[in-house]
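The structure appears below as structure tokens.
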Amino acid sequence: GESVGLHLPTLSVQEGDNSIINCAYSNSASDYFIWYKQESGKGPQFIIDIRSNMDKRQGQRVTVLLNKTVKHLSLQIAATQPGDSAVYFCAEVVENAGNMLTFGGGTRLMVKP
Amino acid sequence: DVKVTQSSRYLVKRTGEKVFLECVQDMDHENMFWYRQDPGLGLRLIYFSYDVKMKEKGDIPEGYSVSREKKERFSLILESASTNQTSMYLCASRPPSGRTDTQYFGPGTRLTVL
Chain A
1 GESVGLHLPT LSVQEGDNSI INCAYSNSAS DYFIWYKQES GKGPQFIIDI
51 RSNMDKRQGQ RVTVLLNKTV KHLSLQIAAT QPGDSAVYFC AEVVENAGNM
101 LTFGGGTRLM VKP
Chain B
1001 DVKVTQSSRY LVKRTGEKVF LECVQDMDHE NMFWYRQDPG LGLRLIYFSY
1051 DVKMKEKGDI PEGYSVSREK KERFSLILES ASTNQTSMYL CASRPPSGRT
1101 DTQYFGPGTR LTVL
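Quick look at the structure:
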């Protein structure tokens, strides 16, 4: 069946470096994609989303890139800070399927001081 | 400030017990969801509700039931808890418009079934 997944379960980066978290998806009918951040002991929090007709979207210190040719999504975090340490999830949404979210397995980002 | 609250952060139950997990949102959202979260499997949808007294099965409803008697409250019920239901349970809500940034999650309930 259709699925959303992540390449790396754990990513360790030095404080101040840029981080790149990757996600592969298989449902070409997805209308948009969302990145969530989940800190320890908390529920997931929305970070940024991108519609399927876009290639790139920027937020505050974050950029999401979408490559529909290879069905790949990435989240780039600039100047990674200790507060960025968390688990990051990508999710895909098909609007004519009731806007239900299909989540990937998650990547843990660890920021070294 | 919007808020989704869950009745317990940590819960320990014995096999065979009936377990109630409560979720309350103060945003007047129509849609509410229950997920479970397990390492390496991400969030999986158990049940959801589009309105009061309405419920729909998600991807993994077996062993669970739900109740939505009031708009702000969505309860997850484990009729007879089993050890494979040890997990983190997350509740979420969103309005019917489906804006991507308006799905809010609660802090989660970590359930251990012994």
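For the protein sequence lines, the chains are A and B, in the order given.
With our numbering, letter number 51 in the first sequence gets 51, and the count goes up by one each step, no holes.
For our numbering, count along the second sequence from 1 and bump the result up by 1000.
The beta carbon of each residue, even a glycine, is placed where N, CA and C say it ideally should be.
Note that the structure is predicted; figures quoted are calculated from it, not measured.
Check your understanding: Among residues of its own chain, excluding the 5 on either side of serine 12(A), which ones have a beta-carbon nearer than 7 Å to its beta-carbon?
Key -> Met110 and Lys112
Review point. If you compare alpha carbons, which of Gly1106(B), Ser1065(B) and Leu1114(B) is closest to serine 40(A)?
Key: Gly1106(B)
Practice item. May I have the straight-line CA-CA distance separating serine 28(A) from arginine 108(A), to the nearest angstrom? Key: 26 Å
Check your understanding: Where in the segment 1014 to 1090 of chain B do unbroken runs of the beta strand (DSSP E), each at least 3 residues long, occur, reported from the N-terminal end onward?
Key -> 1019 to 1025, 1031 to 1038, 1042 to 1049, 1065 to 1070 and 1073 to 1078
Point to revise | Where glutamine 1037(B) falls, given that 16 or more other Cβ within 10 Å makes a residue buried | key: buried
Exercise for review: Please report the Cβ distance between methionine 1032(B) and phenylalanine 1074(B), rounded to the nearest whole angstrom; I am assuming they are in contact, meaning their Cβ atoms lie under 8 Å.
Suggested key: 4 Å
Practice item. Would you mind telling me which residues of chain A sit closer than 9 Å to phenylalanine 1074(B), beta carbon to beta carbon, in chain order? Key: Within chain A, no residue comes near phenylalanine 1074(B); the closest Cβ sits about 14 Å away, beyond 9 Å.
**Study point:** Test item: CB-CB of glutamine 45(A) and lysine 56(A) under 8 Å
**Key:** no
Practice item. Using a cut-off of 8 Å between C-beta atoms, extract the partners of leucine 1045(B) located in chain A. Key: Met100 and Leu101
Practice item. Kindly indicate if chain A contains any beta-carbon less than 8 Å away from that of phenylalanine 1020(B). Key: no
Check your understanding: Where does the unbroken beta strand (DSSP E) through leucine 1114(B) begin, and where does it stop?
Key -> Run containing leucine 1114(B): none; DSSP gives neither H nor E here.
Practice item. Could you tell me which chain A residues have their CB closer than 7 Å to the CB of proline 1095(B), listed as they occur along the chain? Key: The contacting residues do not exist; proline 1095(B) stays about 11 Å from chain A at best.
Review point. Can a CB atom of chain B be found closer than 8 Å to the CB of glycine 106(A)?
Key: yes
Practice item. For alanine 24(A), name the three-state secondary structure that DSSP assigns. Key: strand
Review point. If you check the beta carbons only, do glutamate 958(B) and glutamine 1025(B) fall under 8 Å apart?
Key: Residue 958(B) is absent from the structure shown; chain B starts at 1001 and stops at 1114.
Exercise for review: May I have the straight-line CA-CA distance separating lysine 1018(B) from tyrosine 1050(B), to the nearest angstrom?
Suggested key: Going by the C-alpha atoms only, they are around 25 Å apart.
Check your understanding: CB aspartate 31(A) to CB valine 87(A), shorter than 8 Å?
Key -> no
Check your understanding: If you measure beta-carbon to beta-carbon, which residues of the segment 42 to 53 of chain A are closer than 8 Å to chain B?
Key -> Hits within the stretch, in order: Lys42, Gly43, Pro44, Gln45, Phe46 and Asp49.
Review point. Between glycine 83(A) and alanine 1081(B), what straight-line distance do the alpha-carbon atoms span, to the nearest angstrom?
Key: Looking at the two C-alpha atoms, the distance is approximately 36 Å.
Check your understanding: Which residues does DSSP pair with arginine 51(A) in a beta bridge?
Key -> Tyr32(A)
Check your understanding: So, is the C-beta of proline 1061(B) closer than 8 Å to a C-beta in chain A?
Key -> By this cut-off, proline 1061(B) is not an interface position.
Point to revise | Alpha-carbon to alpha-carbon, glutamate 1030(B) and lysine 1070(B) | key: 10 Å
Review point. Chain A beta carbons: is any one of them nearer than 8 Å to that of glutamine 1025(B)?
Key: no
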